[in-house]
Every structure is written in structure tokens, then in C-alpha cells.
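Each residue of the sequence shown is one higher than the one before, counting from 13 in our numbering.
We put the CB at the ideal spot given by N, CA and C, even for glycine.
These numbers come from a predicted model, not from an experiment.
The next block holds one structure in the form of C-alpha cells; read it before the comments.
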Amino acid sequence: MRPVYIHSPNLSQFGKQNVSVLELSLNTVKKTLESFPYPIEFLIFTSFCPEIYTEEFHIPNRIAESLGLKNIFCLRTETASSSGASAFQLATLLIESGRFNSGLVVGTEIMSRLSREKSNLLLGSVLSEEQRSLSMSMAQGGALVAARYLYEYGYNRNNFFSLSKKLHDNGLQNPIAHIKKNLTWEEYENSDFLAEPLCIYDISPLSDGSASLVVSTHKSNCLVRGLGAGISPMNHSIQNLSFPASEIAFANAYQNAKLSAQDIRVAELHDAFTIFEIIGLEASGIAKVGKGLSMVVEGLTHPHGQIPINASGGLKSRGHPIGATGLAQIIELLWFMEKNPDKNIGLAHSIGGLATNNFVTILELIES
Numbered sequence: 013m014r015p016v017y018i019h020s021p022n023l024s025q026f027g028k029q030n031v032s033v034l035e036l037s038l039n040t041v042k043k044t045l046e047s048f049p050y051p052i053e054f055l056i057f058t059s060f061c062p063e064i065y066t067e068e069f070h071i072p073n074r075i076a077e078s079l080g081l082k083n084i085f086c087l088r089t090e091t092a093s094s095s096g097a098s099a100f101q102l103a104t105l106l107i108e109s110g111r112f113n114s115g116l117v118v119g120t121e122i123m124s125r126l127s128r129e130k131s132n133l134l135l136g137s138v139l140s141e142e143q144r145s146l147s148m149s150m151a152q153g154g155a156l157v158a159a160r161y162l163y164e165y166g167y168n169r170n171n172f173f174s175l176s177k178k179l180h181d182n183g184l185q186n187p188i189a190h191i192k193k194n195l196t197w198e199e200y201e202n203s204d205f206l207a208e209p210l211c212i213y214d215i216s217p218l219s220d221g222s223a224s225l226v227v228s229t230h231k232s233n234c235l236v237r238g239l240g241a242g243i244s245p246m247n248h249s250i251q252n253l254s255f256p257a258s259e260i261a262f263a264n265a266y267q268n269a270k271l272s273a274q275d276i277r278v279a280e281l282h283d284a285f286t287i288f289e290i291i292g293l294e295a296s297g298i299a300k301v302g303k304g305l306s307m308v309v310e311g312l313t314h315p316h317g318q319i320p321i322n323a324s325g326g327l328k329s330r331g332h333p334i335g336a337t338g339l340a341q342i343i344e345l346l347w348f349m350e351k352n353p354d355k356n357i358g359l360a361h362s363i364g365g366l367a368t369n370n371f372v373t374i375l376e377l378i379e380s
């Protein structure tokens with residue numbers, strides 16, 4: 013297989029944007045293409061549901077036309093909240109195949125125009141028929157995982173404050189983050205449950221945002237070292253606290269990269285619900301089973317800790333525009349590695365649906 017490199021990563025501001033998906037995508041992509049001098053041979057666009065969120069259709073072709081890209085391979089992918097990661101992996105595989113040399117990947121979502129109630133119903137559409145028949149929401153699914161984790165490993169809800177506090181503190185340092193808040197213990201303790209034991213400070217916001225980059229055979233300072241993907245039956249996706257689809261994705265990525273968990277120096281882990289960071293930390297092998305939350309409490313996963321996890325603020329504070337999120341994780345990972353060259357091998361973990369279609373991407377910082 014040919015080596016694949018990342019070029020010109022770019023993120024919009026995350027939060028509320030008074031623009032269309034097309035406009036926001038073009039704003040992001042134009043900045044990416046300004047610094048990439050080679051021809052673009054394909055475009056992969058990803059978004060969860062622009063047809064409902066903003067009533068926009070046929071977006072990848074509109075992007076290509078607006079950019080003057082002619083006679084290129086152009087399509088859209090969607091795997092719920094892992095859409096950005098799946099688009100990136102598809103683009104990487106296209107380069108590895110030898111068919112193309114350079115391609116553009118862009119992920120965008122505008123979520124703020126729907127009410128939280130309507131958006132929650134839309135997000136719940138990714139659940140299984142059985143889960144939906146029980147009127148289960150995504151937040152309730154996350155809460156079930158959180159409650160079981162506390163019970164299985166002897167923690168209490170107060171321990172979650174350390175996790176939420178870390179993510180909010182990290183978001184304060186991220187210029188594009190949606191949530192910028194100096195969270196206090198009193199605020200956390202007195203917050204209402206959205207789905208017990210999770211409160212608003214444990215759940216990611218509904219965000220607008222866009223992410224773009226180029227993958228290419230032309231060398232850069234970032235090598236795509238390994239890819240992994242995994243799926244699991246929708247009714248059984250969270251019965252195992254390590255999430256079967258994540259276990260498969262991590263194993264495949266390590267095998268593809270010829271690395272192990274011990275080689276990882278930094279990670280961005282999916283945390284639409286903060287407990288998911290802990291599940292990912294343990295499923296990855298970075299933390300021992302039942303010890304992930306302890307690592308957070310002890311400060312080992314802070315930006316200057318033993319292994320920084322979600323130094324960007326994660327989905328919780330950076331924000332979670334669904335189509336952009338998986339790609340944003342990869343970009344944030346690269347940017348952190350560039351600022352901290354000793355953290356030269358990093359991992360991004362993205363969850364689709366209620367942990368049913370998950371992706372792991374391993375990057376290596378190299379000399380360009």
C-alpha cells in the first residue's frame with residue numbers, strides 16, 4: 013500500500029452559525045485549498061442529516077461546482093456520529109488503492125436551527141427498533157452505560173466531576189470550542205439530571221461546525237499510520253462496557269499500524285457522553301478495565317499528563333456537529349502533536365450511533 017499523508021487541515025468555529033451547510037463548508041474548504049498546490053481528484057463530503065436540519069440537498073456536487081472542480085469523483089458518506097471518521101477512512105483507502113493521488117474531505121453539520129426536542133428525536137432515529145419502541149433516547153443509552161460503570165467498578169457520580177471539569181478546562185484553551193466555561197463543583201453538584209446519572213455537563217451540545225483536509229501521496233509531516241473499523245448488532249452495542257464495535261476497531265487499527273496501545277502518546281476519544289471517553293480509554297488498552305476514571309481523577313489524562321486525552325475539550329466542550337466531529341478529532345489530534353512533538357503517535361476514536369459503527373485512526377508525526 014502507498015503511504016497517505018494529511019495536508020491543510022482546517023476547522024471552522026464551532027457553536028451557532030447563521031449560515032447554510034453549503035456556505036460553511038465552502039468557507040472551510042477554501043482555506044484548506046489555499047495551501048495545497050496539487051490537483052484535487054476526488055471530493056468526499058459527509059453530513060448526518062442536512063435534508064432535515066437545514067433542508068439542503070445534493071451538497072457535494074454544489075461544493076465541487078462552487079470550487080470549480082470538474083470531472084472528479086464526488087460523493088457523500090454517512091455513518092451517524094462517526095461520519096467524519098468514515099469519510100476520512102474512505103478517502104485514505106482510495107489513495108492507498110492507487111486510483112487517486114489527492115482528495116478533499118469535508119464534514120459539516122448545522123444543528124442549531126432545530127429545537128433540542130426535535131433534534132433529540134432525529135438523533136434517536138439511529139437507535140434500533142427495539143430501543144425506539146421503549147422510547148429510549150441517546151442520552152438514556154449513555155446514562156445506562158454510566159450507571160453500570162459506576163456500579164461495576166465501585167465509583168460514585170461525584171467522580172464524574174473530574175472528567176467533566178477536565179473537558180471544560182480544555183475547552184477554555186481551544187479557540188474554536190463551542191463551550192467555554194470554568195465549571196465549578198457547586199454547578200456540577202446542583203445541576204439537574206438529563207438522564208441520571210448524567211447532567212448537562214456530561215453531555216455534548218448541539219453544535220454547528222465544519223472540518224476539512226486533504227489526503228494525498230505527497231509527503232507532509234503527518235502520516236496516516238493505521239485504520240480500523242468495527243460494527244456490532246444494534247441491540248447489543250452497549251451490553252459490553254468496552255463496546256464490541258470499538259474493540260474490533262481498535263484491534264484492526266493496531267494491526268494495520270503494526271503498533272500496540274503502549275505506543276500511543278495522545279488520543280482524541282469520542283465523548284458525546286463523558287462516560288464514553290472512559291469506555292474508549294479502556295477499550296483501547298490505554299487504561300486497564302475499570303481504571304480509566306481513576307486515570308482522569310489522578311490527572312494522568314490532562315494535556316500535560318502521562319497521556320493527554322481530549323486535550324481539545326472533546327465533543328463535550330469543542331462541540332459535536334455530527335458530520336464534522338470525526339474529522340475534527342483527527343485534525344485536533346494532529347494540531348496537538350505538532351505543538352508537542354514528543355507526542356508523535358496519536359489515536360482518534362469515533363463512535364457512530366449508540367456505539368454500532370465505530371472507527372479508529374492512528375496518526376504519526378514525521379519529518380516532512
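Run of the beta strand (DSSP E) containing residue i, from where it starts to where it stops
i: serine 89; result: The question names serine, but residue 89 is threonine in the sequence shown. Looking at the DSSP string, the run of the beta strand (DSSP E) that includes threonine 89 is 85-89.
i: glutamate 280; result: 278-281
i: threonine 58; result: 54-58
i: glycine 358; result: 357-362
i: leucine 377; result: 369-377
i: serine 17; result: Per the sequence shown, residue 17 should be read as tyrosine rather than serine. It spans 17-23 - the beta strand (DSSP E) in which tyrosine 17 sits, taken as one unbroken run.
i: glutamate 68; result: Element bounds for glutamate 68: n/a, residue is neither H nor E.
i: leucine 206; result: 205-207
Closest Cα partner of residue i within the set the options
i: leucine 345; options: Ile363, Gly335 and Gly326; result: Gly326
i: glutamate 208; options: Gln152, Val301 and Gln25; result: Gln152
i: glutamate 201; options: Asp181, Pro217 and Ser176; result: Ser176
i: glutamine 25; options: Ser222, Glu142 and Glu108; result: Ser222
i: leucine 106; options: Tyr50, His180, Met13 and Phe48; result: Met13
i: histidine 361; options: His282, Ile319, Leu375 and Ala269; result: His282
i: histidine 314; options: Asp181, Lys193 and Thr40; result: Asp181
i: alanine 189; options: Leu218, Asn39 and Glu142; result: Leu218
i: asparagine 4; options: Ile191, Arg144 and Leu206; result: Look at the range of the chain in this structure, 13 to 380, and you will see that residue 4 is not part of it.
i: glutamate 77; options: Thr89, Ile52 and Tyr65; result: Ile52
i: alanine 336; options: Ser94, Lys193 and Ile378; result: Ser94
i: phenylalanine 205; options: Leu377, Ile191, Tyr17 and Ala158; result: Ala158
i: proline 49; options: Gly154, Ser20 and Ser137; result: Ser20
i: asparagine 264; options: Leu87, Tyr167, Val372 and Asn39; result: Val372
i: isoleucine 18; options: Lys300, Gln185, Leu45 and Asn39; result: Leu45
i: glutamine 341; options: Gln274, Ala284, Ile298 and His316; result: Ala284
i: tyrosine 167; options: Gln267, Leu305, Tyr213 and Ala92; result: Leu305
i: glycine 183; options: Gln318, Leu377, Arg330 and Asn352; result: Arg330
i: asparagine 252; options: Asn268, Leu156 and Asn352; result: Leu156
i: lysine 300; options: Gln274, Gly317 and His316; result: Gln274
Pairwise C-alpha distance: residue j and residue i
i: arginine 408; j: glycine 365; result: Past the edges of the chain, shown from 13 to 380, lies residue 408, and the structure says nothing about it.
i: leucine 271; j: glutamate 67; result: 43 Å
i: asparagine 322; j: isoleucine 71; result: 30 Å
i: lysine 328; j: isoleucine 215; result: 6 Å
i: isoleucine 357; j: tryptophan 347; result: 12 Å
i: serine 47; j: glycine 80; result: 17 Å
i: alanine 261; j: methionine 307; result: 22 Å
i: tyrosine 165; j: glycine 302; result: 6 Å
i: tyrosine 43; j: serine 147; result: Reading off the sequence, residue 43 comes out as lysine, not tyrosine. Approximately 43 Å between the Cα atoms of the pair.
i: proline 108; j: serine 59; result: In the sequence on display, residue 108 carries glutamate and not proline. One C-alpha to the other measures close to 24 Å.
i: glycine 292; j: leucine 126; result: 30 Å
i: isoleucine 290; j: serine 149; result: 21 Å
i: asparagine 132; j: glutamate 90; result: 18 Å
i: glycine 238; j: alanine 97; result: 13 Å
i: lysine 231; j: valine 16; result: 8 Å
i: isoleucine 287; j: glycine 154; result: 7 Å
i: serine 324; j: asparagine 186; result: 6 Å
i: proline 333; j: serine 32; result: 13 Å
Residues near residue i in its chain [Cβ-Cβ closer than 7 Å; skip 5 each side]
i: valine 117; result: Ile56, Ala99, Phe100, Ala103, Ser224, Leu225, Val227 and Leu339
i: alanine 257; result: Gly242, Ile243, Ser244, Ser249, Ala367, Thr368, Asn369 and Asn370
i: arginine 169; result: Leu162 and Pro209
i: phenylalanine 173; result: Trp197 and Tyr200
i: valine 309; result: Asn171 and Ser174
i: arginine 74; result: Leu34
Own chain residues within Cβ distance below 8 Å of residue i, not counting five before or after
i: glutamate 63; result: Phe69
i: leucine 408; result: Any property of residue 408 remains undetermined from this structure, which presents the chain solely from 13 to 380.
i: aspartate 354; result: Arg277
i: threonine 229; result: Arg14, Pro15, Val16, Tyr17, Ile107, Asn113 and Ser114
Beta-carbon proximity list for residue i, same chain, < 6 Å, skipping 5 on both sides
i: phenylalanine 54; result: Ile84, Phe85, Phe112 and Gly115
i: glutamate 259; result: Ala295
i: leucine 359; result: Ile276, Ala279 and Ile374
i: proline 320; result: Val278
i: serine 124; result: Lys28 and Asp220
Extent of the continuous alpha helix (DSSP H) to which residue i belongs
i: threonine 104; result: 95-108
i: asparagine 233; result: Unbroken run through asparagine 233: none, as it is neither H nor E.
i: glutamate 198; result: 197-202
i: glutamate 259; result: 256-269
Test: residue i CB closer than 8 Å to a CB of chain B
i: leucine 34; result: Protein chain content of the structure displayed is limited to a single chain, and chain B is not contained in it.
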